[in-house]
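These notes are about the structure you will find just below.
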Amino acid sequence: MKKIVNQFGTKDLIKKDSGSLVQQELIKNQITIIPELETLIPPLLDDEYKQLEANILREGCREPLLVWETPASSVRNTDDNHSLFVLVDGHNRYRICSNHGINFRILLKEFPGLEEVRAYMIDNQLGRRNLTPEQTSYLRGQKYLSLKKDSGRPVGETAGKRTEEILAEQFNVSPKTIRTDAEFAKGLDKTSTDLKKEILSRKSKVNKGDIVKLADTPTSDQPISSVEELQQVISKKKKPVKASQPQNELVRLKQLVEQLETGSSRATYQEIIDLAQSLLNNL
1 MKKIVNQFGT KDLIKKDSGS LVQQELIKNQ ITIIPELETL IPPLLDDEYK QLEANILREG
61 CREPLLVWET PASSVRNTDD NHSLFVLVDG HNRYRICSNH GINFRILLKE FPGLEEVRAY
121 MIDNQLGRRN LTPEQTSYLR GQKYLSLKKD SGRPVGETAG KRTEEILAEQ FNVSPKTIRT
181 DAEFAKGLDK TSTDLKKEIL SRKSKVNKGD IVKLADTPTS DQPISSVEEL QQVISKKKKP
241 VKASQPQNEL VRLKQLVEQL ETGSSRATYQ EIIDLAQSLL NNL
């Protein structure tokens with residue numbers, strides 16, 4: 001039995017045979033895509049998608065798609081317990097193969113539940129090298145929110161360390177960056193799937209600070225579908241800023257800049273960026 005290891009312990013991850021060719025074909029015809037999980041897959045740039053499509057057309061789909069078999073009641077508000085086959089990894093390959101009628105293989109994986117699937121997908125995507133800063137921030141924020149929820153501790157503490165401190169060490173950034181990532185993720189989740197993809201792929205230019213503000217801004221039940229609507233929503237609520245906050249941040253920023261040298265850590269540079277962004281947002 002293979003295990004996923006994270007900062008809060010181990011979770012079982014069982015690989016199993018996906019069955020005969022007949023069973024494989026039956027499963028492939030029942031693959032389900034859950035939008036909540038699909039948003040964890042950073043969208044490919046147009047050139048990247050075309051290159052992947054060309055590779056699959058030329059060489060076929062070489063890697064199997066990862067699928068989670070689970071009762072429908074575990075992911076939907078239903079009493080129906082028939083099996084769902086949820087796509088975990090390979091969304092772009094699945095779309096390309098479906099569009100062109102190209103055969104592909106599947107590999108079934110068993111997870112304890114939906115949160116473990118989310119954690120697996122987040123870690124898998126954070127291992128990619130071609131993420132935009134927005135995609136990295138969103139995924140780190142989602143990881144923070146998942147771990148904090150999973151830990152069961154009201155302040156996200158474990159083994160004497162707060163969740164943001166653990167992740168800050170893992171990703172070599174400051175704890176403040178992780179907290180900002182979490183607010184960015186919460187804010188972005190208030191937007192529609194299409195707008196979220198455009199922001200993460202940088203097709204739509206939106207100030208990160210505006211997304212962070214959106215996290216604690218009251219919104220309607222309908223997701224925000226345009227940049228214009230987003231700006232209208234955050235303009236209705238101006239977050240009060242303590243008079244001393246900008247001054248304290250400016251003092252800290254000056255201290256960090258004065259201490260900069262060739263060997264300064266990535267976390268130091270990230271804190272400088274965060275402080276500058278915070279001061280800019282308060283203008």
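First residue of the sequence shown? That's 1 in the numbering used here, and the numbers climb one at a time after it. Each residue gets a CB set at the ideal place from its N, CA and C atoms; glycine is no exception.
- Pairwise C-beta distances place the region 52-65 in contact with the region 92-103, as three or more of them are shorter than 8 Å.
- In this structure, E25 keeps its C-beta atom at 8 Å or more from the C-beta atom of H91.
- Rounded to the nearest angstrom, the gap between the Cα atoms of G209 and A276 is 11 Å.
- The shortest C-alpha to C-alpha distance from H82 to any of T70, V257, T217 is the one to T70.
- Under the three-state reduction of DSSP, I211 is assigned to helix.
- For the pair T262 and T268, the Cα-to-Cα distance works out to about 12 Å.
- Assignment of L66 by DSSP, reduced to helix, strand and coil, places it in the strand class.
- The continuous stretches of beta strand (DSSP E) do not include S226, and DSSP gives it neither H nor E.
- Comparing C-alpha distances from T32 to each of D46, D79, D47, F85 shows the shortest one belongs to F85.
- Counting along the chain, the unbroken beta strand (DSSP E) around K109 starts and ends at 106-110.
- By the neighbour-count criterion, in which 16 or more other beta carbons inside 10 Å mark a residue as buried, Q125 falls on the buried side.
- By the C-beta criterion, the region 161-177 is judged not to be in contact with the region 203-217, since fewer than 3 inter-stretch pairs fall below 8 Å.
- Per DSSP, the continuous beta strand (DSSP E) segment holding S83 begins and ends at 83-89.
- For P223, the CB contacts under 7 Å within the same chain, skipping 5 residues up- and downstream, are K190, T191, S192 in chain order.
- Contact between the region 139-147 and the region 110-125 is established, with three or more Cβ pairs separated by less than 8 Å.
- In this structure, the CA atom of I178 is about 42 Å from the CA atom of G101.
- Between E115 and the set L167, S74, I27, the nearest pair of CA atoms involves S74.
- The DSSP-derived three-state label of I33 is coil.
- In the DSSP secondary-structure assignment, P71 is bridged to S83.
- The beta carbon of L230 is closer than 6 Å to those of I224 in its chain, skipping five residues each way along the sequence.
- Cβ neighbours of L195 within its own chain (closer than 8 Å, five residues either side excluded): S204, P223, I224, S225, S226, V227, L230.
- For A215, the closest C-alpha among the options S235, E198, G187, Q232 is that of G187.
- Beta-bridge analysis with DSSP links T191 to I224.
- The alpha carbon of K197 has as its nearest neighbour, out of V251, K28, P35, the alpha carbon of P35.
- Of the residues K213, N77, P43, T163, the one whose Cα lies closest to the Cα of S278 is K213.
- Counting along the chain, the unbroken alpha helix (DSSP H) around D46 starts and ends at 46-59.
- Counting along the chain, I27 sits inside the alpha helix (DSSP H) bounded by residues 21-28.
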